[in-house]
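In what follows, a single structure is set out as structure tokens and then discussed.
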Amino acid sequence: MKLALDAQMFHRTTPVVDLPDAVARAGYQWMELSPKEDFIPFFAHPRVDSATVATLRRRAADAGVGISSVLPVLRWSGPSEEARQAAVRAWRRAIRITVDLGVDTINTEFNGRPEAAEHAESMFLRSFDELAPDFEREGIRLVLEPHPDDFIEDGHAAVDMIAGLDRDWITFLYCTPHTFHQGNDAAGIIAHAGSRVTNVHLADTLDHTASGGLRYIVNPPGSTVRVHQHAPMGAGEVDFDEVFAALATAGFDGTLTHCVFGWEERALDVVTRDRDTITALVGKHFGAVAWETP
0 MKLALDAQMF HRTTPVVDLP DAVARAGYQW MELSPKEDFI PFFAHPRVDS ATVATLRRRA
60 ADAGVGISSV LPVLRWSGPS EEARQAAVRA WRRAIRITVD LGVDTINTEF NGRPEAAEHA
120 ESMFLRSFDE LAPDFEREGI RLVLEPHPDD FIEDGHAAVD MIAGLDRDWI TFLYCTPHTF
180 HQGNDAAGII AHAGSRVTNV HLADTLDHTA SGGLRYIVNP PGSTVRVHQH APMGAGEVDF
240 DEVFAALATA GFDGTLTHCV FGWEERALDV VTRDRDTITA LVGKHFGAVA WETP
């Protein structure tokens, strides 16, 4: 099992090549590279050249930090054919970057629009058919997560979609801060996924459906906005004991990634405190675990 850090709270002040040092200072041995303006921005072609990729790989090795995964978020499910084609071009560059970093895992989202799910699924499958040979040729595992406001938001539906793609290199990511958007059934979703659960994102959030849906008030009434948080563990209502018990039952042996956003003013304190919380939860539900090292 790996314990990784998505260093998003350090992104604005830290160039991508310096992130491994920040991760090492926080006491993590693995890092996930999520969307970043000087790396692979949200919904855009990568902004990093081969020389910088080589520098990043060397800096990570020097810091004793492994790169567990790369996480692009691109519009491969549309909405338009032009947007889909641009995303496929960006995907091919992202895959090349991943390979050049010596990384074998890409995490990502389904994307697409929930109010046009049938169209988005068609676009997603078209992109998938074009990109599958690239993933297979390069030996890259693709890990998919349902995300609030994607064409697949429900956890069970995402697991079924992954099963239907029928490739042993495609697996499932359970994201705890999305718990209340993907069905509020952590144990059931994880059990349904079984061995397909290879990655877990760890952060907390409040249950937006509680108290008649009045935890968050948005205007105008009836807005379809999806509000969620990536809060420090213990600051919300995710039942982490339930999550870790389900993972242990499923025989999970993948990557746990801490991914709190929005607490930059005390980022180091949050990531170190939550590191200890995660370690305690693993000890409680899995027993002694030999963490994988880079």
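Start counting the sequence shown at 0; every next residue gets the next number (numbering that gives the first Met the number 0).
Note that beta-carbon positions come from the ideal geometry of N, C-alpha and C, so glycine has one too.
Tell me the rounded alpha-carbon separation between residue i and residue j.
{"i": "D133", "j": "I94", "result": "8 Å"}
{"i": "L2", "j": "T256", "result": "6 Å"}
{"i": "S194", "j": "G250", "result": "7 Å"}
{"i": "R265", "j": "G282", "result": "26 Å"}
{"i": "A53", "j": "K35", "result": "17 Å"}
{"i": "P293", "j": "M0", "result": "11 Å"}
{"i": "P176", "j": "H229", "result": "6 Å"}
{"i": "P220", "j": "W262", "result": "29 Å"}
{"i": "R225", "j": "F179", "result": "11 Å"}
{"i": "Y27", "j": "R58", "result": "15 Å"}
{"i": "D103", "j": "N218", "result": "43 Å"}
{"i": "M8", "j": "M30", "result": "13 Å"}
{"i": "D184", "j": "D17", "result": "38 Å"}
{"i": "L143", "j": "A115", "result": "19 Å"}
{"i": "A289", "j": "T278", "result": "11 Å"}
{"i": "I169", "j": "I161", "result": "7 Å"}
{"i": "R166", "j": "D128", "result": "12 Å"}
{"i": "E108", "j": "V15", "result": "22 Å"}
Near residue i, what residues of its chain come up, given a Cβ to Cβ distance below 6 Å and the 5 sequence neighbours on each side ignored?
{"i": "A192", "result": "V158, F171"}
{"i": "L205", "result": "R214, G235, E236"}
{"i": "V98", "result": "E137"}
{"i": "R92", "result": "P45"}
{"i": "M232", "result": "D203, D273, T276"}
{"i": "V69", "result": "L32, T97, V102, I105"}
{"i": "F285", "result": "A247"}
{"i": "V259", "result": "A202, H229, P231, V269"}
{"i": "T13", "result": "A21"}
What residues in its chain sit with their C-beta under 7 Å from that of residue i, if we drop five residues either side in the sequence?
{"i": "D153", "result": "P145, Q181, G182"}
{"i": "L130", "result": "V87, W90"}
{"i": "E330", "result": "Since the first residue shown for the chain is 0 and the last is 293, residue 330 is missing from the structure and cannot be characterised."}
{"i": "F41", "result": "P34, V72"}
{"i": "A245", "result": "A185, A186, I189, A190"}
{"i": "R112", "result": "P78, A119, F150"}
For residue i, count neighbouring Cβ atoms within 10 angstroms of its own Cβ and tell me buried if that reaches 16, exposed if not.
{"i": "G77", "result": "buried"}
{"i": "T197", "result": "buried"}
{"i": "V199", "result": "buried"}
{"i": "D149", "result": "buried"}
{"i": "G187", "result": "exposed"}
{"i": "S222", "result": "exposed"}
{"i": "I66", "result": "buried"}
{"i": "A287", "result": "exposed"}
Going along the chain, which residues of its own chain have a beta-carbon closer than 8 Å to the beta-carbon of residue i, five neighbours each way excluded?
{"i": "E80", "result": "M122"}
{"i": "A82", "result": "R74"}
{"i": "G63", "result": "A23, Q28, P293"}
{"i": "H227", "result": "P147, P176, H177, F179, H180, T204, H207"}
{"i": "H155", "result": "G182, D184, G187, I188, H191"}
{"i": "T271", "result": "A25, G26"}
{"i": "D240", "result": "L280, K283, H284"}
request  = Report yes or no: do three or more beta-carbon pairs, one from the segment 83-91 and one from the segment 63-75, lie closer than 8 Å?
outcome  = Touching, yes.
query = Any chance the segment 252-272 sits against the segment 206-222, with 3 or more Cβ pairs inside 8 Å?
reply = The segment 252-272 is not in contact with the segment 206-222.
request  = Let me know the beta strand (DSSP E) ranges lying completely inside the segment 63-130, each 3 residues or longer, listed in chain order.
outcome  = Whole beta strand (DSSP E) segments, 3+ residues: 65-69, 104-108.
Secondary structure, alpha helix (DSSP H): runs of 4+ residues fully inside the segment 147-212 = Along the length of the segment 147-212, whole alpha helix (DSSP H) runs at least 4 residues long occupy 154-164, 185-192, 209-212, reported in chain order.
request  = Go through the segment 218-249 residue by residue and report every complete run of the alpha helix (DSSP H) that reaches 4 residues or more, in order.
outcome  = DSSP runs (the alpha helix (DSSP H)) wholly in the segment 218-249: 239-248.
message = Threshold first: 3 residues or longer. Then list the beta strand (DSSP E) segments lying entirely within the segment 3-67, N to C.
response = Runs found: 29-32.
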